[in-house]
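S.K.: Have a look at this one before I ask anything.
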Amino acid sequence: LASVSSISWLQDFCNMSAVSYYIAHLLERMNSADKDFRFMATNDLMRELQKEITLDVDSENKMVEMLLKLLEDKNTEVQNLAVRCMGPLIRKVKDAQAANVTCILSANLRSESSQKRDVSSSALKTIINELPPTESAVTVAVLKAIMPALLSILSSADADMSVLLECLDMVNSVLGRFPSIVGHHYAAIECTVLPLLEFDRAPVRKRAILVLSTLSGICDNAVLGHLGHHLLDGLSKLNESSSIHHRTYIACTGAVCKSAGSRLGTFLSQALPAIVHYCKEMQDDEIRESCFAAFEQLLLFCSKQCDETVVDEILKLAIIYVGYDPNYQYDYEMQDASMELDDDDVDDMDSQLSAEEYSDDDDMSWKVRRAAAKCLEAAVNTRRNRICEFHQTVIPRLIERFKEREESVRCDLFNVLLSLLKRTRVYFQYSSKSIAEKDQKTIIGSLESQMPALIVPLQRHLGGKSYKTKQAVFSVLSELQALAPQVLAPFLGSLLLNVRSTLSEKQTVGGVKIDALIFLRSAITAQTLDVVALQIPVIAPLLRQCIQDSYYKVSAEALAVVQKLLTLIRNGDGEINLAALDLDNMRDLYNCILAKLKDTCLDREVKEPSIMCVALYIATFGSLLQDGLDEGLQMLFDRIKNELTRLVGVRAFSVVLKSPLNLSLQSVVCDLVVELTTFLRKNQRSLRVDSLELLELIFQRSNSTQLASHHSAMVQNLVLELAPLLGQGDLQLATLAADNLTRLMPIAPELVLDNYHSFVDPAIALLRSPLLSGHYLNKLIIFFQQFWQQASKLEKITFQEFKQLLLAPVAGEPRPHNFAKCFAALILIQPDSIKPTVAELCRELDVHNCPDANEQARQFALLTLGEIGALCSIALNDLNVEGIVMNAFENPDERVKEAASQALGRVGTGNLARYLPFIVQQIQQATKQQYLFMLSLLEIINHFVSAKSPEPLQQYVEFIWKVLLNHAECNEEGVRNVIAECLGKLCLLQPANLLPQLRSNLNNSTNTNVRNTLTSSIKYTLTDQMPGIDEYLKDCIGDFFQMLKDSDLNIRRIAFLTFNSFVHNKPELMRDHLSNLLPVIYSETAVRKELIREVDMGPFKHVMDDGLHLRKAAFECMYTLLDNCFDCLDVFEFLNHVVQGLKDHYDIKILTFLIVIRLTTLCPNELLQRLINIVEPLKQVCLTKLKTNSVKQEYELQDELKRSALRAVIAIQNLPTAGKHPIVVELMNIINQTPELLNLYENVRWDPLTSKH
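Each residue of the sequence shown is one higher than the one before, starting from 1 at the first, in the UniProt record's numbering.
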């Protein structure tokens, strides 16, 4: 070991010697009198410094001395290279040397030479940007040296303005990159920078505001409070200061509000009225602009802290000042609301508007109007509770101001209206049903009354020459269509004239055309066929023109409009009234699309919609095409043979075959089947699925018998390709293949059944799949029934042989339920075999007569009897089913007992009068088989609830209810769970009677087991819903969820899980109760020390948190509330508890990371205000390192936790301005500087799961 260490040391020494020799050579050349030698040597040194090298003390000192000397070189290029060397140099030298370099450069900032100051400031900036982001020794040393120097310069009275600007930039950069390292300088930075707000030069004041804004987002409350007091003092000097002073303090207030947000507290209550006062009293346009800019930030980032009376004042001012234009006299008034505009009117207004589009350089009023408009937009986006009020107050003012002469202001006004319409749509979506219906009626009525006045300026601007304004107008019209299509219906004709005008202009840019087509598509989607049919003479020529456009995106969007038009015609109510449609125009449109489709150089975005348009036209007007039908079908078939378009081609043929016209595909059907058969071998799953569905449609709609008789080879090849799909384990593909075989067997039985083992054997094997159930199982049963019917006719196989083939796997099958269902269904189509089969099954169950039967055989026999009894109860009338079941309950094998229980329940569904009293009687006797009889009862209840035919069971409901309640206090948890499900399902049958009883028993019971059972039963009212139950649940739901406050921990957990289910499935029932329940949910998110206990495990102790499951349930509820009841939440209160969860247990962290990701979409502005509190725990997770003795499972959990945290980081980065926030910048620097984290970050970034979130 000593020799190995010596060799390693010797190698390092040799490497260091070589580096020192090379650097000495470079330093010698850097002293050359030739500037080119100095440049090349400095460049070589920079490349050397970027390598992983170690410097000795002598080389380090000489290199630092030389680079500092080159900073004063006469050649600018050499100076610039020396500045660039400072970054990598600072990472290679010792901490003391780095601090020394920083001190020298900082001292140079006070030099008399402006060149020396500029070069030194550039070098310092390079050093700050190149410092390691973590709290490394070199970073701490450099910042310790530079911060006092910067603050000293900023506080000096004789500092040059350029130096002040550079110093402020450096302080801002330090605060952004290293907020935690310079935390002890916060107070000093604030005291130094605040006086610069009074500086006489605007650039310094602006930089000072940026520094204070960054500082306010990361500082503690004491520093923030002092900053707030200083700003209030500045705002209070109304008569003592100049307008520049006021603008500065108002702008600083807005910037601080943006960074600090809800932390400002009482500061806002004093600052807001002062700014409102300035806006009213000061006759200065720049001050007004600053006021409205501050109002915008306050509304966006401090919406909850703003007093509503002050907000009212802000809105009034904004509404007034969007029309503030004192230097211009508008010489036209709004056109009469009922007047319709022809082309000449539009042209006249266009020329008039063009003449008015000017701006005087000395006129600053447009900035006030723009700031007021942005303020209104902020109010609209943050005041969801005032949506109705905005429709009454804001829209009329916007209509009046759409005559605005400045394009940028005009677009901002349209953005206000667009935001209001979008927020209204979201409001209708997330509000409770009663509130939404009431407000929707009010808002729609308001829009209808305002539309005549609104449509005039919209049409006028569509006739103008401003492309930006046109795009804004089309966006507004599209949103109006989505929100309230009925208000635009009367004006659709005149608007389409504007669309025609826009699309016909040769100089119109592609973006405007696309927006016009998007509006046209939304109009067709939202309106009825009667309204759209009248406009086809206008729409069709426009679409033909756009389809032929050279810009592929315009062509693709036009084809999307055609798809919507054809879909509307095809899906219209009743028969299509061809007389009401312009068939000539539609035919021309079809020919245009065919011609487009023949072009072999089309983009994929154009090819695919072209194919679907041809298919939709054929499906809609195919009966009128005559000879053109074959041409269109051949065109579609040609696309199927192309690898790039075959999938959309298959879907196109599906559209044609689903047409009610029952079109003939005789010209292509044979070739189509052959081509589809080859697709069944392809790897692309979606192609195989669509091909199977299309084949089934072909056999269903076409003359399949004739097709099969003339093309036997085709059928045989198809069977060969279908057979392997049954054995691949993909249930969807397998059942689709079985459906096709089911349809083929009666068409060509001899051809299909020639080698039936190829598909019957894998189909039988598929019955063993534990995933096979419900719809898929029923499809497979029909397949076997069809096979037996056709095989028996052709005498391919006897029933006994088929039975042996089908039941061969049962002997080794632990769950033969699917085999039992299938065999019972086969028995019932063979009436002669029912009695012998039942007798044989009974013999297998008789232990005395058949002692050699294995348990799987008995299990299968019981299940089969149950299915036979359920489907044909008369077949078991002479059988002592009760005795058979009781004997089976004595079997030691649990699977046999379970099968007997299920069989009794299935038999009971077919004959309630006989079996239900027996089951209930056994439950009442509380025997050791009580749990099994409970399962039988549950099987019966589930059958009648899911079948939506509860009438036979209704007469027994009251009796069953009482019996179940009497056993709700059972100590056995399994029995209580089954009782809970039975009670919940019974409530679906008689909600008016049973839900009040459930509520009464829940409120009055003192038994913990009873409350546990009844609480669990509530969630089962959500499944298999019966009509009208919501009305009864509404009256009881509030009392049910009082169990969230129960003293028993387990009952509270069950109540939380039930609450989560209700919020997810029936949010409208929960909204009215959330104000009372949310505090309870939030209270359970905190860690309770009294629920944490220490368990002695012998050599070590283990900490158990009994409240973990309850906290997890509470956070799950919070996540669900975001999706369905977000409008009912106080976002900041919600965020407080999310921040707590970010520091909790592993399971809670994973949940809260998901919540943070969801919040980035729902409330980005509010999230930005808590960014420090949210990002800090994320950083801690990313930096966490496990102990060296950790096991593999711990490493896997930690890795998944980091992945979840990084997904949240990526979501936060996508927020506007979040990427520039100091705490986010610091975290990203850490990630970029840590190879392990960076690799994980890149993997997560491109993970499909991340894009899904």
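Where is the CB? At the ideal position from N, CA and C, for every residue including glycine.
Under DSSP, the alpha helix (DSSP H) around M1104 begins and ends at which residues?
M.R.: Along the sequence shown, read from residue 1 onward, the residue named residue 1104 stands at position 1104. That residue, M1104, is in no alpha helix (DSSP H); its beta strand (DSSP E) goes K1101 to D1105.
S.K.: According to DSSP, simplified to helix, strand and coil, what is V1095?
M.R.: Looking up residue 1095 in the sequence shown gives position 1095. The answer is strand: DSSP assigns V1095 an E or B state.
S.K.: Name the residue from R263, K206, S236 and T214 whose alpha carbon lies nearest to the alpha carbon of N221.
M.R.: Working through the sequence shown from its first residue, we reach residue 221 at position 221. Taking only the C-alpha atoms, the option nearest N221 is R263.
S.K.: Under 8 Å Cβ to Cβ from N662, same chain only, skipping five residues before and after it: list those, please.
M.R.: Taking the sequence shown and counting its residues from 1, one reaches residue 662 at position 662. These residues qualify, in order along the chain: R701.
S.K.: Do the CB positions of Q1233 and P132 come within less than 8 Å of each other?
M.R.: Locating residue 1233 in the sequence shown gives position 1233, counting from the first residue. Locating residue 132 in the sequence shown gives position 132, counting from the first residue. It is a contact, given that the beta carbons lie within the stated cut-off.
S.K.: Does the pairing of the stretch 216 to 235 with the stretch 1117 to 1134 give three or more beta-carbon distances under 8 Å?
M.R.: No: the two stretches stay apart, fewer than three of their Cβ pairs being nearer than 8 Å.
S.K.: Per DSSP, what kind of secondary structure is L1237 in: helix, strand or coil?
M.R.: For this step, residue 1237 is matched to residue 1237 along the sequence shown. Note: L1237 maps to helix in three-state DSSP.
S.K.: Would you identify the three-state DSSP class for M282, choosing helix, strand or coil?
M.R.: For the purposes of this step, residue 282 is identified with residue 282 of the sequence shown, where counting begins at 1. Coil.
S.K.: Which residue comes first and which comes last in the alpha helix (DSSP H) that contains E1031?
M.R.: Residue mapping note: residue 1031 aligns to position 1031 of the sequence shown, counting from 1. Looking at the DSSP string, the run of the alpha helix (DSSP H) that includes E1031 is I1029 to F1040.
S.K.: Just to confirm, is the Cβ distance from A595 to V656 under 8 Å?
M.R.: The residue given as residue 595 occupies position 595 in the sequence shown. The residue given as residue 656 occupies position 656 in the sequence shown. It is not a contact, given that the beta carbons lie outside the stated cut-off.
S.K.: Tell me which residue opens and which closes the alpha helix (DSSP H) that L794 is part of.
M.R.: As a position in the sequence shown, residue 794 is number 794, starting the count at 1. Here L794 belongs to no alpha helix (DSSP H), and DSSP marks it neither H nor E.
S.K.: Taking Cβ positions, are S1005 and R1011 nearer each other than 8 Å?
M.R.: Within the sequence shown, the letter at position 1005 stands for residue 1005. Within the sequence shown, the letter at position 1011 stands for residue 1011. Yes; because the gap between Cβ atoms is below 8 Å, this pair is in contact.
S.K.: Identify whether I53 lies in helix, strand or coil by the three-state DSSP scheme.
M.R.: For the purposes of this step, residue 53 is taken as the residue at position 53 of the sequence shown. In the structure shown, I53 sits in coil (DSSP, three-state: anything other than H, G, I, E or B).
S.K.: For R29, tell me which candidate among Y22, R38 and Y21 has the shortest Cα-Cα distance.
M.R.: Indexing the sequence shown from 1 puts residue 29 at position 29. Among Y22, R38 and Y21, the Cα nearest to that of R29 is on R38.
S.K.: Is there contact here, the stretch 911 to 926 with the stretch 958 to 976, by at least three beta-carbon pairs under 8 Å?
M.R.: Short answer: they touch.
S.K.: Do T192 and S136 have their C-beta atoms closer together than 8 Å?
M.R.: As a working note, residue 192 is residue 192 in the sequence shown. As a working note, residue 136 is residue 136 in the sequence shown. For T192 and S136, no; Cβs fall outside 8 Å.
S.K.: When DSSP labels each residue in this structure, what does W366 get in the three-state scheme?
M.R.: Here residue 366 is taken as the residue at index 366 of the sequence shown, counted from 1. It is helical.
S.K.: How is S475 classed by DSSP in three states: helix, strand or coil?
M.R.: Counted from its first residue, the sequence shown places residue 475 at position 475. Of the three classes helix, strand and coil, the one that applies to S475 here is helix, per DSSP.
S.K.: Should I320 be labelled buried (16 or more other beta-carbon atoms within 10 Å of its own) or exposed?
M.R.: Residue mapping note: residue 320 aligns to position 320 of the sequence shown, counting from 1. With fewer than 16 Cβ atoms within 10 Å of its Cβ, I320 is classed as exposed.
S.K.: Which same chain residues end up closer than 8 Å to Q535 when comparing Cβ atoms and leaving out the 5 residues on each side of it in sequence?
M.R.: Residue mapping note: residue 535 aligns to position 535 of the sequence shown, counting from 1. Closer than 8 Å at the Cβ level, and outside the excluded window around Q535, lie L492, G493 and L496.
S.K.: Could you tell me the distance, in whole angstroms, from the CA atom of W366 to the CA atom of C601?
M.R.: Indexing the sequence shown from 1 puts residue 366 at position 366. Indexing the sequence shown from 1 puts residue 601 at position 601. Roughly 49 Å between the two C-alpha positions.
S.K.: Output yes or no for whether 8 Å exceeds the beta carbon distance between Q859 and V896.
M.R.: For this step, residue 859 is matched to residue 859 along the sequence shown. For this step, residue 896 is matched to residue 896 along the sequence shown. Yes. Within cutoff.
S.K.: Please classify F1100 as buried or exposed, where buried requires at least 16 other C-beta atoms within 10 Å of its C-beta.
M.R.: The residue labelled residue 1100 in the question sits at position 1100 within the sequence shown. By the neighbour-count rule (16 or more Cβ atoms within 10 Å), F1100 is not buried but exposed.
S.K.: The alpha helix (DSSP H) with G217 in it runs from where to where?
M.R.: Position 217 of the sequence shown, counting from 1, holds the residue named residue 217. It spans A202 to I218 - the alpha helix (DSSP H) in which G217 sits, taken as one unbroken run.
S.K.: Just the C-alpha distance for K1143 and K1149, rounded to the nearest angstrom, thanks.
M.R.: Position 1143 of the sequence shown, counted from the first residue, corresponds to residue 1143. Position 1149 of the sequence shown, counted from the first residue, corresponds to residue 1149. Their Cα atoms are separated by approximately 7 Å.
S.K.: Compare the Cα-Cα distances from L299 to each of P326, H461 and C257 and report the closest residue.
M.R.: For the purposes of this step, residue 299 is taken as residue 299 along the sequence shown, with counting starting at 1. The shortest C-alpha separation from L299 is found at C257.
S.K.: For the alpha helix (DSSP H) that residue 1276 lies in, which residues bound it at each end?
M.R.: The question about residue 1276 has no answer here: the residues shown for the chain are numbered 1 through 1253.
S.K.: Give the DSSP-derived three-state secondary structure of H967 in the structure shown.
M.R.: The residue labelled residue 967 in the question sits at position 967 within the sequence shown. Reduced to three states, the DSSP call for H967 is coil.
S.K.: Less than 8 Å between the CB atoms is what I'm expecting for F474 and D412, so what's the real figure, rounded?
M.R.: Sequence index remark: in the sequence shown, residue 474 carries index 474 (1-based). Sequence index remark: in the sequence shown, residue 412 carries index 412 (1-based). Contact doesn't hold; Cβ gap of about 16 Å is too wide.
S.K.: Nearest CA to the CA of V163: which residue from I1037, G883, S113 and H711?
M.R.: As a working mapping, residue 163 is identified with position 163 in the sequence shown. That would be S113, whose Cα lies nearest to the Cα of V163.
S.K.: Just the C-alpha distance for P1222 and R1053, rounded to the nearest angstrom, thanks.
M.R.: Reading the sequence shown from its first residue, position 1222 is the one you call residue 1222. Reading the sequence shown from its first residue, position 1053 is the one you call residue 1053. The straight-line gap from Cα to Cα measures roughly 40 Å.
S.K.: With a 10 Å radius around its C-beta and 16 neighbouring C-beta atoms as the bar for buried, classify H461 as buried or exposed.
M.R.: As a working note, residue 461 is residue 461 in the sequence shown. Answer is buried; the Cβ neighbour count reaches 16.
S.K.: With a Cβ-Cβ cutoff of 8 Å, do A870 and T837 count as a contact?
M.R.: The count along the sequence shown starts at 1 and reaches residue 870 at position 870. The count along the sequence shown starts at 1 and reaches residue 837 at position 837. No, the pair does not count as a contact, with Cβ atoms beyond the cut-off.
S.K.: Go through the stretch 803 to 859 residue by residue and report every complete run of the alpha helix (DSSP H) that reaches 4 residues or more, in order.
M.R.: DSSP runs (the alpha helix (DSSP H)) wholly in the stretch 803 to 859: 817 to 828 and 834 to 845.
S.K.: Verify whether the separation of the beta carbon atoms of L726 and P749 is less than 8 Å.
M.R.: The residue labelled residue 726 in the question sits at position 726 within the sequence shown. The residue labelled residue 749 in the question sits at position 749 within the sequence shown. It is not a contact, given that the beta carbons lie outside the stated cut-off.
S.K.: Whose CA, out of I1174, V509 and N1243, lies closest to the CA of E1200?
M.R.: Working through the sequence shown from its first residue, we reach residue 1200 at position 1200. When only C-alpha atoms are compared, the closest one is N1243.
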